[in-house]
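Trainee: Chains as they are written, first to last, in my numbering: chain A, 29 to 266; chain B, 29 to 266.
Glycine included, each C-beta is placed from N, C-alpha and C at the ideal position.
Quick caveat, the model's predicted, so the values are computed rather than measured.
After the structure tokens below, expect a handful of questions from me.
Protein chains: 2
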Amino acid sequence: MTDVVVTRRERARAATIAEIKEAAFGLMAESGTIDVRFTDIARVMGMTPPALYRYYADRDDLLGDLISDCYEHLGAAVAQARDAVDPDDLGGRWYAAATAYREWARTQPQRFALIFGLPVPGYVAPEDGPTTEAAKRAMSQLGDLFVSAAQAGSLRPPLVTEVSDAIADCASDKHPELDGIVPPESFQAMLQAWASLHGFTCLEAYGHLDWVGDEARDALFRGHVAMIAQAAGIPVPN
Amino acid sequence: MTDVVVTRRERARAATIAEIKEAAFGLMAESGTIDVRFTDIARVMGMTPPALYRYYADRDDLLGDLISDCYEHLGAAVAQARDAVDPDDLGGRWYAAATAYREWARTQPQRFALIFGLPVPGYVAPEDGPTTEAAKRAMSQLGDLFVSAAQAGSLRPPLVTEVSDAIADCASDKHPELDGIVPPESFQAMLQAWASLHGFTCLEAYGHLDWVGDEARDALFRGHVAMIAQAAGIPVPN
DNA sequence: GACGAAAAGTTATGCTCCATAACAAACACG
DNA sequence: CGTGTTTGTTATGGAGCATAACTTTTCGTC
Numbered sequence: 029m030t031d032v033v034v035t036r037r038e039r040a041r042a043a044t045i046a047e048i049k050e051a052a053f054g055l056m057a058e059s060g061t062i063d064v065r066f067t068d069i070a071r072v073m074g075m076t077p078p079a080l081y082r083y084y085a086d087r088d089d090l091l092g093d094l095i096s097d098c099y100e101h102l103g104a105a106v107a108q109a110r111d112a113v114d115p116d117d118l119g120g121r122w123y124a125a126a127t128a129y130r131e132w133a134r135t136q137p138q139r140f141a142l143i144f145g146l147p148v149p150g151y152v153a154p155e156d157g158p159t160t161e162a163a164k165r166a167m168s169q170l171g172d173l174f175v176s177a178a179q180a181g182s183l184r185p186p187l188v189t190e191v192s193d194a195i196a197d198c199a200s201d202k203h204p205e206l207d208g209i210v211p212p213e214s215f216q217a218m219l220q221a222w223a224s225l226h227g228f229t230c231l232e233a234y235g236h237l238d239w240v241g242d243e244a245r246d247a248l249f250r251g252h253v254a255m256i257a258q259a260a261g262i263p264v265p266n
Numbered sequence: 029m030t031d032v033v034v035t036r037r038e039r040a041r042a043a044t045i046a047e048i049k050e051a052a053f054g055l056m057a058e059s060g061t062i063d064v065r066f067t068d069i070a071r072v073m074g075m076t077p078p079a080l081y082r083y084y085a086d087r088d089d090l091l092g093d094l095i096s097d098c099y100e101h102l103g104a105a106v107a108q109a110r111d112a113v114d115p116d117d118l119g120g121r122w123y124a125a126a127t128a129y130r131e132w133a134r135t136q137p138q139r140f141a142l143i144f145g146l147p148v149p150g151y152v153a154p155e156d157g158p159t160t161e162a163a164k165r166a167m168s169q170l171g172d173l174f175v176s177a178a179q180a181g182s183l184r185p186p187l188v189t190e191v192s193d194a195i196a197d198c199a200s201d202k203h204p205e206l207d208g209i210v211p212p213e214s215f216q217a218m219l220q221a222w223a224s225l226h227g228f229t230c231l232e233a234y235g236h237l238d239w240v241g242d243e244a245r246d247a248l249f250r251g252h253v254a255m256i257a258q259a260a261g262i263p264v265p266n
């Protein structure tokens, strides 16, 4: 038995990295910005700024790690909320997943902006890199919902059934796992559902729906999610 | 006849301000970022950085002006595209307006991020300030579409007709001009349409739909806009 | 036309932060 | 113990924001 595959130092290093990211997220939430200063992170941690360069090459390097983490968090939040609902209640699962997406974004708009905002030119997500993988995993949490529905035979045809060849080709090319399970029109509807959910989430998280008021905004979200479900062919309980 | 209400100096100043903003937008497009350096603006203009402080108090001040301009630009682009289509062809008008929204965003994602990205904490839009006014004007370009449709009696009931009292109250409170013209369920549908359009636009502008490919993305957009129109009760030519 | 004030632009300067270099302390492991 | 790695420090340079003090240009007015 190798009781310690990770050395004491490796654990300490991992803990420090975790603390750095925690501090970074905390400062982002506090300042309301996406721009974290090494100086501030170091101050929070009781260190001097140059010490951080032992863990990250530069600010972009840290940013990339933060982005990966955010994708993981978001994906996990969506998956957890979705799986907490009866698998047979597809409408309920969709609502739960959508709500998790929304809540994750509006409780920490900075983290949401980190992954879905204007990409920083310094950090180009490496093809098949950890960030890209994390993004795929996170978004597939929504996609799996459609797969389950299709497999259960509960997925109804979407509102828009016309599908261009380009989209059908894209589906079978980029997502061959859907072949024979999720029809092209539902693949299209899935992307539309994501885009529609994403739009509301963006507008709310960045304050563009503040004028609506809390109660009305909640109601609007419920109506929005219901609209999307109907348009996408997700069965809602009558 | 007052042949010159604006003095020579005022014109020169206005021209310089326009040049500053032009330089700022150009640098944003070039760098791919939203962060413009006074140093760079000055360099482009053949000036020294401190000279810019004669025109803007600080970077946030310039930013606020840029944001207002972006709202104006976007609103004008949407209105122009919409009004270029036969007023009786509501589906066509909606498609034109949505396409203008999309194109404006994806041709210069930085400008889009400027107005719809994570708000910079430094610049708080003053209540009823020029920026807020510009935002209202811009967004009302989409709203007017629904008003026209309703007035023409061509607006059909949306996919989701259940409306909470909070939303109905919000509509008559914040937008009394719609009272008796646009029913609450269509007001709700209008916001949902905007959110859905906005979501696709955000995802595309920031590169999150690059994997789909150009042709499929165009088709997806057309399908998305068609879906939104149907869900919102905008009559589409069968 | 000439003078005084205002506007516009320049150089000089301080501050903060990113990033690197050079050095010191702590720690694992033989 | 003692040696090399890891982790942290202080010292330093460079870039950019912002202000201050000074110079030049421009406009209105006598």
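Between the segment 113-129 of chain B and the segment 238-257 of chain B, do three or more beta carbon pairs fall short of 8 Å?
Mentor: In short, these stretches touch, since the Cβ pair count reaches three.
Trainee: Can you name, in chain order, every residue of its own chain whose Cβ lies under 8 Å from the Cβ of B/Leu55, other than the five neighbours on each side?
Mentor: Contacts found: Val64, Arg65, Asp68, Ile69, Val72.
Trainee: Grab me the residues of B/Val106's own chain with a C-beta within less than 6 Å of its C-beta, minus the 5 sequence neighbours each way, in chain order.
Mentor: Around B/Val106: Ala125, Ala128, Tyr129, Gln169.
Trainee: Using a Cβ-Cβ cutoff of less than 6 Å, which residues in the same chain neighbour A/Glu100 once the five nearest sequence positions on both sides are dropped?
Mentor: Once the five neighbours on either side are set aside, the close Cβ partners of A/Glu100 are Ala162.
Trainee: Out of B/Ala79, B/Asp93, B/Asp88, B/Glu190, point me to the one whose CA is closest to B/Glu50's CA.
Mentor: Checked all of B/Ala79, B/Asp93, B/Asp88, B/Glu190; the closest Cα to B/Glu50 is B/Asp93.
Trainee: Secondary structure at A/Gly74, three-state DSSP: helix, strand or coil?
Mentor: In this structure, A/Gly74 counts as coil in the three-state DSSP scheme.
Trainee: Contact between the segment 252-260 of chain A and the segment 198-211 of chain B: three or more CB pairs below 8 Å?
Mentor: Taking 8 Å as the limit for Cβ pairs, the verdict is that the segment 198-211 of chain B does not touch the segment 252-260 of chain A.
Trainee: Answer yes or no: do A/Leu90 and A/Ser182 have a C-beta to C-beta separation smaller than 8 Å?
Mentor: Result no, Cβ atoms of A/Leu90 and A/Ser182 do not sit closer than 8 Å.
Trainee: Mind pulling the beta strand (DSSP E) runs of 3 or more residues that sit fully within the segment 178-217 of chain B?
Mentor: Within the segment 178-217 of chain B, no complete beta strand (DSSP E) run reaches 3 residues.
Trainee: Does DSSP put A/Gln136 in a helix, a strand or coil?
Mentor: Here A/Gln136 sits in coil by DSSP.
Trainee: Helix, strand or coil: how does DSSP classify A/Ala112 here?
Mentor: A/Ala112 falls in the coil class under three-state DSSP.
Trainee: Would you say A/Pro212 reaches chain B, if we count a Cβ-Cβ gap shorter than 8 Å as a contact?
Mentor: No, its Cβ sits nowhere closer than 8 Å to a Cβ of chain B.
Trainee: Using a cut-off of 7 Å between C-beta atoms, extract the partners of B/Pro137 located in chain A.
Mentor: Leu146, listed in chain order.
Trainee: Quick check on A/His236: does DSSP put it in helix, strand or coil?
Mentor: Three-state DSSP puts A/His236 in coil, outside helix and strand.
Trainee: Among A/Ala233, A/Ala244, A/Val264, which residue has its Cα nearest to the Cα of A/Arg134?
Mentor: Of A/Ala233, A/Ala244, A/Val264, the residue nearest in Cα terms is A/Ala233.
Trainee: Near A/Gln136, which residues of its chain fall below 7 Å by C-beta distance, leaving aside the five closest residues on each side in sequence?
Mentor: Cβ neighbours of A/Gln136 beyond the five flanking positions: Ala57.
Trainee: A/Val34: buried (16+ other C-beta within 10 angstroms of its C-beta) or exposed?
Mentor: Burial call: exposed.
Trainee: On the three-state DSSP scale, how would you describe A/Pro265?
Mentor: Three-state result, A/Pro265: coil.
Trainee: Taking 8 Å as the threshold (beta carbon to beta carbon), is B/His101 in contact with chain A?
Mentor: It does not; no Cβ of chain A falls within 8 Å.
Trainee: Output yes or no for whether 8 Å exceeds the beta carbon distance between B/Ile62 and A/Leu146.
Mentor: Going by C-beta atoms, B/Ile62 is nearer than 8 Å to A/Leu146.
Trainee: Taking contact to mean 3 or more Cβ pairs, one atom from each stretch, closer than 8 Å, check whether the segment 236-246 of chain B and the segment 216-225 of chain B are in contact.
Mentor: Touching, no.
Trainee: Using the Cβ count rule (16 or more neighbours within 10 Å means buried), how would you classify B/Gly60?
Mentor: Exposed.
Trainee: Quick one: which residues of the segment 55-89 of chain B get their C-beta closer than 7 Å to a C-beta of chain A? List them in chain order.
Mentor: Hits within the stretch, in order: Ser59, Gly60, Thr61, Ile62.
Trainee: Taking only beta-carbon positions, decide if A/Trp239 is within less than 8 Å of chain B.
Mentor: Taking Cβ atoms only, chain B reaches closer than 8 Å to A/Trp239, which makes this a yes.
Trainee: What are the start and end residues of the alpha helix (DSSP H) that includes A/Gly54?
Mentor: Unbroken alpha helix (DSSP H) run through A/Gly54: 36-59.
Trainee: Can you list the residues of chain A that B/Gln286 reaches, using a CB-CB cut of under 8 Å?
Mentor: Not covered by the structure: residue 286 of chain B. The range shown for chain B is 29 to 266.
Trainee: Take A/Ile48 and list the residues in its own chain whose beta-carbon comes closer than 8 Å to its own, dropping the five residues that flank it on each side.
Mentor: Hits under 8 Å: Ile69, Met73, Leu80, Tyr83, Tyr84, Leu90.
Trainee: Looking at the C-beta of B/Pro263, does it have a partner C-beta in chain A at a distance below 8 Å?
Mentor: No, no contact with chain A.
Trainee: Applying a beta-carbon distance threshold of less than 7 Å, which residues of chain B neighbour A/Ser176?
Mentor: None at all; the shortest Cβ gap to chain B is about 22 Å.
Trainee: For A/Tyr234, would you say it is in contact with chain B, using Cβ-to-Cβ distances shorter than 8 Å as the test?
Mentor: Yes, because at least one Cβ of chain B sits closer than 8 Å to the Cβ of A/Tyr234.
Trainee: How far does the alpha helix (DSSP H) with A/Ile1 in it extend, from its first residue to its last?
Mentor: Nothing can be reported for residue 1 of chain A: it is not among the residues displayed for chain A, which extend from 29 to 266.
Trainee: Please identify the residue among B/Ser192, B/Pro265, B/Arg245 whose C-alpha is closest to the C-alpha of A/Asp242.
Mentor: For A/Asp242, the nearest C-alpha among the options comes from B/Ser192.
Trainee: In its own chain, which residues sit with a C-beta less than 7 Å from the C-beta of B/Val32, not counting the 5 before and 5 after it?
Mentor: Caution applies to B/Val32, whose pLDDT of 42 falls short of 50 and renders its modelled position unreliable; the model cannot decide the point.
Trainee: Can you tell me which of the three DSSP states A/Val175 falls into?
Mentor: Here A/Val175 sits in helix by DSSP.
Trainee: Select from B/Gly103, B/Gly171, B/Val113, B/Pro77 the residue whose C-alpha is nearest the C-alpha of B/Trp222.
Mentor: For the residues B/Gly103, B/Gly171, B/Val113, B/Pro77, the minimum Cα distance to B/Trp222 belongs to B/Gly171.
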